[in-house]
Amino acid sequence: QWTIRNDITNVLLQEGVFNKFGDGLTIYVRSRTPAGELVGLLVHDKRTPSRAVTLMAEKGALVYTETGPRVLMINGNRQEVTPGTGKLSLLYFDSYTVDFATATGVKPDRFRDARERTLSELIDVKDGEVGGNEYRRFKVELHSRLTSPLYNLGFPLLAACILLTAGFDRRGQSAQVLTAIGLMVAVQAVALGVSNVSTGNLALAPAIYIAAIIPVGFGLWVLARPPWPRRQASAVTTDPV
Numbered sequence: 024q025w026t027i028r029n030d031i032t033n034v035l036l037q038e039g040v041f042n043k044f045g046d047g048l049t050i051y052v053r054s055r056t057p058a059g060e061l062v063g064l065l066v067h068d069k070r071t072p073s074r075a076v077t078l079m080a081e082k083g084a085l086v087y088t089e090t091g092p093r094v095l096m097i098n099g100n101r102q103e104v105t106p107g108t109g110k111l112s113l114l115y116f117d118s119y120t121v122d123f124a125t126a127t128g129v130k131p132d133r134f135r136d137a138r139e140r141t142l143s144e145l146i147d148v149k150d151g152e153v154g155g156n157e158y159r160r161f162k163v164e165l166h167s168r169l170t171s172p173l174y175n176l177g178f179p180l181l182a183a184c185i186l187l188t189a190g191f192d193r194r195g196q197s198a199q200v201l202t203a204i205g206l207m208v209a210v211q212a213v214a215l216g217v218s219n220v221s222t223g224n225l226a227l228a229p230a231i232y233i234a235a236i237i238p239v240g241f242g243l244w245v246l247a248r249p250p251w252p253r254r255q256a257s258a259v260t261t262d263p264v
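Just so we're aligned, residue 24 is where the sequence shown starts under our numbering, counting upward by one.
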């Protein structure tokens, strides 16, 4: 979530053109590999007018830090002309980073919502540290994360219940597959609904665990119980003449 929200630079950083960011930062990228590596980098940084800097590198990548996105440049050089004397200063480097924060207006102290927080942050948050609404969102997010592994077990169990307990059909199991999918969608909808309701009233938070446990318990019960008795075709016998 945090990466997607802060990935504006990745969208705007187009290949083969001079990309301008804010007031004074221009970046050129010759190409981009399928893995996301940037090839052929040229950066002109004049955000400090008295110290304009030009950087070139063989390759690089976009990296994300707590203070915002940055361009990591590998195997290149840094060129700077000293004002007044016109003397060129050339520095070769193995790695160098260019900060986007001031160019893109990204604020490092931006408030991160519940989905962007780590599990420890969700556990340690106090009611007085954030507003009442945010505190409830933090706690609901915590409960949702703790129960998410149960859904990873419950969904396969539900699918197994439908597919393994159905009788053999020469026409295939399309109906059973659609039933299993519909059942899992319904369970997910209930989970989302319970989370939304609990955000308004934390007293309902135990329902988040109940909604996650029911599919697991139901699936284990169906698979563990004896099979339903099936009708056996009655044998037709004839008396000898």
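Just so it is clear, CB atoms sit at the ideal spot from N, CA and C, and this is done for glycine as well.
query	result
Beta-bridge partners of L48, as assigned by DSSP	F44, D68
Reduced DSSP secondary structure (H/G/I, E/B, other) of V148	coil
A203 and L186 closer than 9 Å at C-beta	yes
K110 - DSSP class collapsed to helix/strand/coil	coil
Assigned secondary structure, G99 (DSSP; H/G/I helix, E/B strand, else coil)	strand
Helix, strand or coil at P229 [DSSP, three-state]	helix
Buried versus exposed, by CB contacts within 10 Å (16 or more), A269	Lying outside 24 to 264, the shown extent of the chain, residue 269 is not represented and no answer is given.
Identity of the residue in Y174, R248, N42 nearest P238 by Cα	Y174
Start-to-end residues for the alpha helix (DSSP H) that takes in A182	155 to 188
Host beta strand (DSSP E) of T88 (start-end)	76 to 88
Distance, S73 Cα to A126 Cα	Note that A126 scores a pLDDT of 47, beneath 50, so its modelled location is shaky; the value from the coordinates is reported in the next line. Using only the alpha carbons, I get a separation of about 17 Å.
Beta-ladder partner(s) of T120, from DSSP	L95
Other residues of its chain near D68: CB distance less than 6 Å, five sequence neighbours each side excluded	L48, V76
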